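>
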Amino acid sequence: MPIFRLLLGLPLGLVLVGAVAYPSLILVWHAFARDGRPTLANLAAVLHDADIWRVLWNSVHVSVWATLLGGAIGTGLAFLVARTDLPGQRIFRTALMLPYLIPPFIAALAWLALAGPVGFVNQLWMAVTGVEEPLFRIYGAPGIILVMALAHYPLAYFTVLASLERMDPALEEAARSSGASPARTARDVTLPLVAPAIGAGAILVFLRCMENFGIPAILGFPAKYFVLTTKIYATILDFDRAHNLGLAATLSLLLVAVAAAILALQRRILGGRAYGLTRAVGQPPIFSLGEWRRTVGIGVTVFLLVTSVAPLLAILLTALTRAYGMPFGWSNLGLQNFHTLFFKVPVVWRAMGNSLVLAASAATFAVVLAILIAYVQVRTRARGKGLLEALVILPFAVPGTVVALAMILAFLRPVLGLSLYNTIWIILVAYVARFLTLAVKPVAAAFTQVHVSLEEAARSSGASLSRSVRDITMPLIRSALVSGWFLAAVPAITELTLSVLLWSAGNETIGVMVFNMHEEGKVLLSSALAVVVMAVALTSNLLLRRLTSGLAEA
Amino acid sequence: MRQPMEGTKLMGLLLAGLWVLGVMAAGAVEVSAAAPVTLYTSESLDKVNEMKLDFEKRNPGVTLNIYRSGTQVVISKLQAEFQAGGTLADMIWMADIDYFEDLVRKDLLAAYTPPEADKAPAKFKYEGGRYHEVRLIFNTVAYNTLRVKTRPSSWKDLTDPQFKGKVGVASPFYSGAAFSTLGTQVNMPGFGWDFYRKLKGNAVIVEQSNGTVAKKLATGEFSVVSVVDFMVREAKAAGSPVDHIWPKEGAILVPTPVGILKGAKNPEGARAFLRYLYSTEGQRLFVQQGYVPVLPGIEGPKGVPAEKLEVVLTDQAYIGKHREELKAKYRELFELK
Amino acid sequence: MPAVELQNLWKDFHSVPAVCGIHLSVQEGELLALLGPSGCGKTTTLRTVAGFEVPTAGEIRIRGKTVSGPGHFVPPEARNVGMVFQSYAVWPHMTVEANVAYPLKLRGVPPAERRERTRRVLELVQLPGLEFRFPHQLSGGQQQRVALARALNMEPAVLLLDEPLSNLDAQLRKEMRLEIKALQRRLGITILYVTHDQEEALTMADRIAVMGSGVIHQVAPPEEVFEEPADRFVAEFMGCTTFLPCEVAGVNRVRLLLGEEAPTVSCPLPSGVSGRGVLGIRAQEAHLIRDGSEALTGRVTLRTYRGGSFEVRVQVGKHVIPLITTTPLREGDTVQFALGPVRFFPDVSCAIPGEVPQATVM
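Chains as they are written, first to last, in the working numbering: chain W, 63 to 616; chain A, 586 to 922; chain B, 14 to 375.
Okay, structure coming up:
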């Protein structure tokens, strides 16, 4: 079937080569070349720059601490929810989703509104004590660590929770019968068994922290505190510096190398230790909190109120503030900022439109490609499936800043007569590359479930290949297509890292608008817009959850 | 796959429909405004958008697209685009006159002086109209009225030890205004790099943008700052506890010129926007936004004694020549190394 | 003194009763099988003995010591009951030796003795030399033995086995039955054994307690449970596949109600019964006869070969009765047969026996 193969291979090859392979190679080339000639000058410049080493150290420093903090919070909460008689379990299970649904840069802005130098906490502190020094400074490493940990702990929480819930309760009961107290059981059995999950969750948190741009950009710039992602960003924009793009490319490879090293380390440590825990039968044994039950319940509630609700309230209040710096009061509240935003800054509407169209288009392309990819992966014995998979995962596995730089380097000049730079298309290409793997996962899973015999039965009944695909395969994978579409679209709506480097006049995204307004010091407007983004993020995530949960039942 | 599917299917169809509509709408916009005027600027986002709305209302059929970021980011983008073979920008408008000089040397700016500019002072129609000062911005000393009891009078109040750790300035790497101020002050009698060393000794905090400086002044995070004048007036008008002074050594004029690039895709539209900026309506909008107008005869914003200002003009030639040196020294003094 | 004694044990889950006031005692050195279909409450009963469930009411005594009763609850780790789980629950992060030695470690047994005892118990379950393997390197049957060794190693007052063989393949299951039985005899340990497999219960148990819907229907030695099921529920569980409607027709005689035909057959009846009921029949016990006063006549509707014998379905009136025979009958043949030993169950015999106690919340 050469035509069939061509139909399948051509668009796939075009996209994967054009949007992934080519930009990646260009990035590597620029890291090791100057003025078109290969050289190690960029590498030497980077390695001899004490500043870079400090930035690298900063990246590792904040990520490690955020991982320890976030991992501890996530693991602790997972244990409380899955293994104890904590009151209000159901509410907590839902509430713990919340930080996961807020884009990290919005979380950073919210924390700024709550605990920034003039955030509500410090204002209150200064008003009450009369001291002129703020209680604490959120700019710099401590603030970045705190917000990163709180933005990413759900990853550890979900991983450990899943592991705890999959664990056979008999494993713990056997220890109890053997004579172990609850605490001893937790130490000797539960903890060692979920250790791989804790490790995996921690790695997830670490990688997300390493690649995060929004939090260190918002909380690091004012303190001149740079991490690798923000340094790459600053280097890209520093055209005064000779060979800045080459240096940024070299830094990107450095960042990718650190992430890869961590992943390799994880493989080595946890390689043989992922316990195939069977699905739980019966009820999970509950470690009774006893007389601490109430106290712990209140503690978790307060934790959630302080870490999830308070920052959101703070940014909402900021968005409703009329004049900055005036004492807080009803007279200083109003919808004025929203009014300015929607009626005086027309670009806001266009940015929102752009973000929605970009997200929808990227998701649609991604789903169409996902069908082809899943088909090749699951149904054919084509050579190079490993390469295909690598190309699909690569843009999501590396930090977004690196993807954006690769796009700039690849498309700054017209390629084959096509000029993508300064158009909305470069953002679209970047989104498709970045979020493709999110759409591929459910579609490939669906293809795996729809056994080939179902299609064969249709063929035996007299249907042509295309007819059997249309009548049998498509209806069976349709719900996977819908969820793949949403999985790719939802993060694209509030995307910042890629678009902040790729946007151009007329091609703004909503994330870029918030970021730029913040950069310009328009705190009230950026807060108001952040509230809008938050509403969009929450709504789209709830929609996604509804759709995918319906899917799970089907 | 039974009950929930119906809703899912419907939703899918709905979204697909929306998408098609969205793409069509986006396409339609592109067609109707075949060549929008594209402006690269470091002007305040909401203000320049306000101008865009007014301009488009008065010039039906012309669309103004804006790329707005910090001066250095905008220049970086322009540089990259020039290197790559051409920029999208028709016009540029930002606080780095040195860069305009550079563009003049490279012959990348188109000369155009609209008739509306007749009455404007000639010194603000630079290089035979290749670029223009369309309204005046000054860098001044501002203070938080709740935190500072005695009204400051001089730039040197920024080095007063009583404000240690409470002094803010904008970064010359990011803000053109800050860079102009740096280039001017290092040559002012009694100032020089020594003044900046004293600033550092006073634990000055270097923010990226003037906006951030103004915001933190309003909130009391800073007590005294070096900042552009209009932001302070704006904040004061909104009710924030801030005010600025005219330092006795003189406020520093921050050039924020606007010019049209050769090779603009919509030169006609670009010229129309420059005409608008010089027009009575444009100038009045500037005043409303808190700026000092460039045309005589337009009443300035409240509290600005336009004619009697002590003004220090920036020495562009010096700044142009010593650009890298200034930055390197500043970097050494304040930044990472 | 019984090893385990349950008195009026009652357990609700969210006010749905799972165990309804049962009484049961397990004697020292006895293997008592708790037999019943899934959801009958047998595992819940076992788990209350282990201490994983807190009874809603009632009392549990282990070797005379109350471990669960009104206002009193001994946690699992203090009960000294060994438990072998259906899923084995062998800890995957510990070696075989560490698994088996764990109870001893908790009891502060010195390392040398611990090693020695662990070695001995591994020999006992025929796993010598595997001390340093990890569970994922063992087969299912071996993991089963590790779980057994771990429970034995603590020398429990009673060993609780929760469907321990249900995850093994048929051949291994048969071997393990005998092995566990032999072990129990040799060591003289007390075992409470939960299973839904009647064959397993019959071959292994000293006594069987048949449970259904939270109550115990009968507690008796295997032969008695098999030969003289206390009620229709037990009979069904013990392989009576067919129940024919009948009525009492005199002393030890019942009349079958098969439509037009109404033959009477002899059947042991408790004194004083009357009225209608059902007769329980096993296919293995029904047999062809030439003639006789109690012969039934019917037509063969289906014949299947089962290796060495045939199972035929015989239509009598509206009812179909299965029987097993070596005679090569053909479908359509008219045959005469006897039902063999039959058991009469009055209509009420499926009601819950015993009184419903007052549920008191502990």
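Backbone N, C-alpha and C define an ideal beta-carbon position, used for all residues, glycine too.
Because the structure is a prediction, the values reported are computed rather than measured.
Given residue 51(B), which residues of its chain have a CB within under 7 Å of its CB, disregarding the five upstream and five downstream residues?
Residue mapping note: residue 51(B) aligns to position 38 of the third sequence, counting from 1. Counting only Cβ-Cβ distances below 7 Å, and skipping sequence neighbours, we find 209.
> Run through DSSP, which three-state label would residue 461(W) get?
For the purposes of this step, residue 461(W) is taken as the residue at position 399 of the first sequence. Looking at residue 461(W) - three-state DSSP - the assignment turns out to be coil, as it is neither helix nor strand.
> Hey, residue 158(W) and residue 209(W): beta-carbon distance below 8 Å or not?
Working through the first sequence from its first residue, we reach residue 158(W) at position 96. Working through the first sequence from its first residue, we reach residue 209(W) at position 147. No, the pair does not count as a contact, with Cβ atoms beyond the cut-off.
> By alpha-carbon positions, which one of 459(W), 153(W), 288(W), 248(W) ends up nearest to residue 115(W)?
Residue 115(W) sits at position 53 when you count from the first residue of the first sequence. If we check each option's Cα against that of residue 115(W), 288(W) comes out closest.
> For residue 629(A), tell me which candidate among 671(A), 897(A), 761(A), 901(A) has the shortest Cα-Cα distance.
Along the second sequence, one-based indexing puts residue 629(A) at 44. Among 671(A), 897(A), 761(A), 901(A), the Cα nearest to that of residue 629(A) is on 761(A).
> Since residue 167(B) and residue 241(W) are thought to touch, with beta carbons under 8 Å apart, how far apart are those beta carbons, to the nearest angstrom?
Residue mapping note: residue 167(B) aligns to position 154 of the third sequence, counting from 1. Residue mapping note: residue 241(W) aligns to position 179 of the first sequence, counting from 1. Right, their Cβ atoms sit about 7 Å apart.
> Going by Cα to Cα distance, which pick from 503(W), 231(W), 290(W), 570(W) is closest to residue 541(W)?
Reading the first sequence from its first residue, position 479 is the one you call residue 541(W). For residue 541(W), the nearest C-alpha among the options comes from 503(W).
> Return the chain-ordered ranges of every alpha helix (DSSP H) run that is complete within the stretch 737-805 of chain A and spans a minimum of 4 residues.
The stretch 737-805 of chain A contains these whole alpha helix (DSSP H) runs: 761-770, 777-786, 795-803.
> Please classify residue 791(A) as buried or exposed, where buried requires at least 16 neighbouring CB atoms within 10 angstroms.
Sequence index remark: in the second sequence, residue 791(A) carries index 206 (1-based). It is buried - the Cβ of residue 791(A) has at least 16 other Cβ atoms within 10 Å.
> Report yes or no: do the stretch 263-272 of chain B and the stretch 312-320 of chain B share at least 3 C-beta pairs separated by less than 8 Å?
Too few Cβ pairs lie closer than 8 Å, so no.
> When you compare the stretch 778-790 of chain A with the stretch 822-841 of chain A, are there three or more beta-carbon pairs, one atom per stretch, that lie closer than 8 Å?
Too few Cβ pairs lie closer than 8 Å, so no.
> Is it buried or exposed for residue 343(W), if we count other Cβ within 10 angstroms and need 16 for buried?
Here the question's residue 343(W) lines up with position 281 in the first sequence. Below a pLDDT of 50, predicted positions are generally treated as unreliable, and residue 343(W), at 45, falls in that range; no measurement from the model is reported.
> Can you tell me whether residue 145(B) is buried or exposed, with buried defined as 16 or more other CB within 10 angstroms of its CB?
Locating residue 145(B) in the third sequence gives position 132, where the first residue counts as 1. Counting Cβ neighbours within 10 Å, residue 145(B) comes out exposed, since fewer than 16 surround it.
> Output needed in chain order: residues of the stretch 232-243 of chain W with a Cβ under 9 Å from some Cβ in chain B.
Listed by position, the residues of the stretch 232-243 of chain W near chain B (Cβ gap below 9 Å) are 232, 233, 234, 235, 236, 237, 238, 239, 240, 241, 242, 243.
> Under 8 Å Cβ-Cβ, which residues of chain W neighbour residue 793(A)?
As a first step, residue 793(A) is located in the second sequence; it is residue number 208 there, counting from the start. Neighbours of residue 793(A) on chain W, chain order: 283, 284, 581.
> Do you know how far the Cα of residue 570(W) is from the Cα of residue 423(W)?
To locate residue 423(W), count along the first sequence from 1; it is residue 361. To locate residue 570(W), count along the first sequence from 1; it is residue 508. When rounded, the distance between both Cα atoms is 16 Å.
> Could I get the ranges of all uninterrupted beta strand (DSSP E) runs contained in the stretch 259-304 of chain B, with 3 residues as the minimum, in chain order?
Runs of the beta strand (DSSP E) inside the stretch 259-304 of chain B: 266-269, 277-279, 289-294.
> Report yes or no: do the stretch 77-86 of chain B and the stretch 228-242 of chain B share at least 3 C-beta pairs separated by less than 8 Å?
Touching, no, given that fewer than three Cβ pairs across the two stretches are closer than 8 Å.
> Taking Cβ-Cβ distances shorter than 8 Å, what residues in chain W pair up with residue 855(A)?
Translated into the one-based positions of the second sequence, residue 855(A) becomes position 270. Under the 8 Å cutoff, chain W gives no residues; its nearest Cβ is about 13 Å from residue 855(A).
> Are the beta-carbon atoms belonging to residue 275(W) and residue 462(W) less than 8 Å from one another?
Start at 1 with the first residue of the first sequence, and residue 275(W) comes out as number 213. Start at 1 with the first residue of the first sequence, and residue 462(W) comes out as number 400. Yes, Cβ-Cβ distance for residue 275(W) and residue 462(W) is below 8 Å.
> By how many angstroms is the C-alpha of residue 687(A) removed from the C-alpha of residue 609(W)?
For the purposes of this step, residue 609(W) is taken as residue 547 along the first sequence, with counting starting at 1. For the purposes of this step, residue 687(A) is taken as residue 102 along the second sequence, with counting starting at 1. If I take the Cα positions, the gap works out to 56 Å.
> What three-state label does DSSP hand residue 33(B) in the structure shown?
Locating residue 33(B) in the third sequence gives position 20, where the first residue counts as 1. Reduced to three states, the DSSP call for residue 33(B) is strand.
> When burial is assigned at 16 or more other CB atoms within 10 Å of the CB, is residue 110(W) buried or exposed?
Looking up residue 110(W) in the first sequence gives position 48. It is exposed - the Cβ of residue 110(W) has fewer than 16 other Cβ atoms within 10 Å.
> With 8 Å as the C-beta to C-beta threshold (strictly closer), list the residues of the stretch 270-281 of chain W near chain B in chain order.
Within the stretch 270-281 of chain W, no residue qualifies.
> Can you tell me whether residue 344(B) is helix, strand or coil according to DSSP?
Locating residue 344(B) in the third sequence gives position 331, where the first residue counts as 1. Note: residue 344(B) maps to coil in three-state DSSP.
> Chain A partners of residue 255(W), CB-CB under 7 Å?
On the first sequence, residue 255(W) is found 193 positions in, with the first residue counted as 1. Near residue 255(W) there are no residues of chain A at all, since even the closest Cβ is about 35 Å away, more than 7 Å.
> Please check the pair residue 432(W) and residue 323(W), which I expect to be a contact at CB under 8 Å, by giving their CB distance rounded to whole angstroms.
The sequence position of residue 432(W) within the first sequence is 370, counting from 1. The sequence position of residue 323(W) within the first sequence is 261, counting from 1. Actually they are not in contact, since the Cβ atoms of residue 432(W) and residue 323(W) sit about 30 Å apart, beyond 8 Å.
> Comparing the C-beta of residue 796(A) with each C-beta of chain W, is any distance below 8 Å?
Position 211 of the second sequence, counted from the start, is the residue given in the question as residue 796(A). Judged by the 8 Å Cβ criterion, residue 796(A) is in contact with chain W.
> Just the Cα atoms here: how many angstroms apart are residue 714(A) and residue 677(A)?
One-based indexing of the second sequence puts residue 714(A) at position 129. One-based indexing of the second sequence puts residue 677(A) at position 92. Taking the straight line from one Cα to the other gives about 14 Å.
> Could you round the C-beta distance between residue 120(W) and residue 312(W) to whole angstroms and report it? I think they count as a contact, below 8 Å.
Here residue 120(W) refers to the residue found at position 58 when the first sequence is read from its first residue. Here residue 312(W) refers to the residue found at position 250 when the first sequence is read from its first residue. The pair is not a contact, with the Cβ atoms about 17 Å apart (cut-off 8 Å).
> Mind listing which residues of the stretch 637-661 of chain A have their C-beta closer than 8 Å to chain W's C-betas, in chain order?
Hits within the stretch, in order: 637, 638, 650, 651, 652, 653, 654, 655, 657, 658, 660, 661.
> At 9 Å on the CB atoms, spell out the chain W contacts of residue 167(B), in chain order.
Locating residue 167(B) in the third sequence gives position 154, where the first residue counts as 1. Correct list: 239, 240, 241.
> Just mark residue 36(B) as buried or exposed, buried being the case when its beta carbon has 16 or more other beta carbons within 10 Å.
Reading the third sequence from its first residue, position 23 is the one you call residue 36(B). Residue 36(B) comes out exposed.
> Could you name the residues of chain W that residue 787(A) contacts, counting a contact when the two beta carbons are closer than 9 Å?
Along the second sequence, read from residue 1 onward, the residue named residue 787(A) stands at position 202. Going along chain W, no residue has its Cβ under 9 Å from residue 787(A), so there is no contact; the nearest lies around 16 Å.
> In this structure, does DSSP put residue 711(A) in helix, strand or coil?
Residue 711(A) sits at position 126 when you count from the first residue of the second sequence. Note: residue 711(A) maps to strand in three-state DSSP.
> Can the beta-carbon of residue 221(B) be found closer than 8 Å to that of residue 31(B)?
As a first step, residue 221(B) is located in the third sequence; it is residue number 208 there, counting from the start. As a first step, residue 31(B) is located in the third sequence; it is residue number 18 there, counting from the start. Not closer than 8 Å, so no.
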